[in-house]
Amino acid sequence: MYRTGLNSALQQYRHSEQDPSGYSLDTEELYFGDIGLKWGSCANPEQRVYSFKPRQNAIVSHFRLADPAPRARSGKDQSFREKHFVVFREAAETYELSISPTYGGTRRFFELMLSEQLFKSIFTPESDFMNRLGESEIVNRPLPGFCAAMQPNMYAVINEMKRAPYSGSLKGLYLEAKSIELFLSQVSQLDKGTAGNTKLKPADKEALYAVKSYIDAHYQQACSIVDLARMACINQTKLKTGFKALFGNTVFAYISDLRMQEAKKLLLDEKLPVGEVADKVGYAHAHHFAVAFRKKFGVLPGSIKLL
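Just so we're aligned: 162 in full-length UniProt numbering is position 162 of the sequence shown, and the numbers increase by one with no gaps anywhere.
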């Protein structure tokens, strides 16, 4: 397999800009070998056009982590909702990027950049998405067909890269592995979407997005298929099959993933006791939480702090 060049020094940059209108952009960028990572936040009072020149030809994954903008109801804007990602090909030439308003709030995003050479090294014709991306000649413009909802494991990988526990070459090796893991999660998600997404009517998709948004905000609470279907005005069968087709996971597996990723964060970052974490993520019994946590991560929740 092609390697990114781990002997290359890690290059880190911080950038901040603002103007009297209230616009501000802050980014933290990390480059190593054929991979680039960027964490950013933006406040923008009105639509504007930003002139940008990439460092190299690359495959870019843009993750919209948080966005105060009202959710689009139709059209291509629906692909750029909060908690979604888009993949596109970027050429090393100056182009104009349209930035939508943030309505008094702050938009947070993350970007993963893989060089064209690295993409070719991991390309497989078994992936419909990789085939379509490889054949696409459109550059510097995100396309709705290359968008999907973020999965809980994607948030986890992005957070793990942010707090990489190594330095020097080991940090480069760790970030390379995590970057490939994240990109392959996107490939899997987009391939699943290709398989079942086209069978869903627009009204069904809107209902399913409403269910996902509700779960994202209330995963700590009990969520039954009956209640979710009633809330979204969709039948239970369509909810179960459509949710998996659109988001690549069953309803209950998605809820469990959200709970487990939040639990891991509370254990590692906030150092909370296991019983308190179990309660916070929606488990009435710590034992049931421990069983689910071990099934997900391979260790008991009390042991993960020691790793």
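Heads up, the beta-carbon is just placed ideally off N, CA and C, and yes, glycines get one too.
Rounded to the nearest angstrom, the Cβ distance from residue 282 to residue 214 is 14 angstroms, too far for a contact under 8 angstroms. Under DSSP, residue 128 forms no beta bridge with any residue. Considering only 143, 118 and 187, the residue with the shortest C-alpha distance to residue 131 is 187. Cβ-Cβ distances below 8 angstroms link residue 296 to 256, 257 and 260 in the same chain, with the five nearest sequence neighbours on each side left out; the list follows chain order. Counting every other CB atom within 10 Å of its CB across the protein chains shown gives residue 35 a total of 16 or more, marking it as buried.
Take residue 248, set aside five residues on each side of it, and the residues of its chain with a beta-carbon closer than 6 angstroms to its own are 189 and 192, in chain order.
DSSP places residue 102 in the coil class of the three-state scheme, outside both helix and strand. For residue 276, the enclosing alpha helix (DSSP H) starts and ends at 274–280. By the Cβ-count criterion, residue 179 is buried, with 16 or more other Cβ atoms from all chains shown falling within 10 Å of its own Cβ. By the criterion of a C-beta distance shorter than 6 angstroms, residue 92 is surrounded in its chain by 54, 56 and 57, once the five residues flanking it on both sides are discounted. Taking C-beta atoms as the reference points, residue 245 and residue 293 fail to come closer than 8 angstroms. The C-beta of residue 273 has fewer than 16 other C-beta atoms within 10 Å across all chains shown, which makes the residue exposed.
Here DSSP, grouped into helix, strand and coil, assigns residue 176 to helix. The beta carbons of residue 96 and residue 49 sit closer together than 8 angstroms.
Distance from the CA atom of residue 70 to the CA atom of residue 169, rounded to whole angstroms, is 42 angstroms. Residue pairing by DSSP places residue 51 opposite 96 in a beta bridge.
Secondary structure in the region 112–171: the beta strand (DSSP E) runs of 3 residues or longer, each lying completely within the stretch, are 147–149 in chain order.
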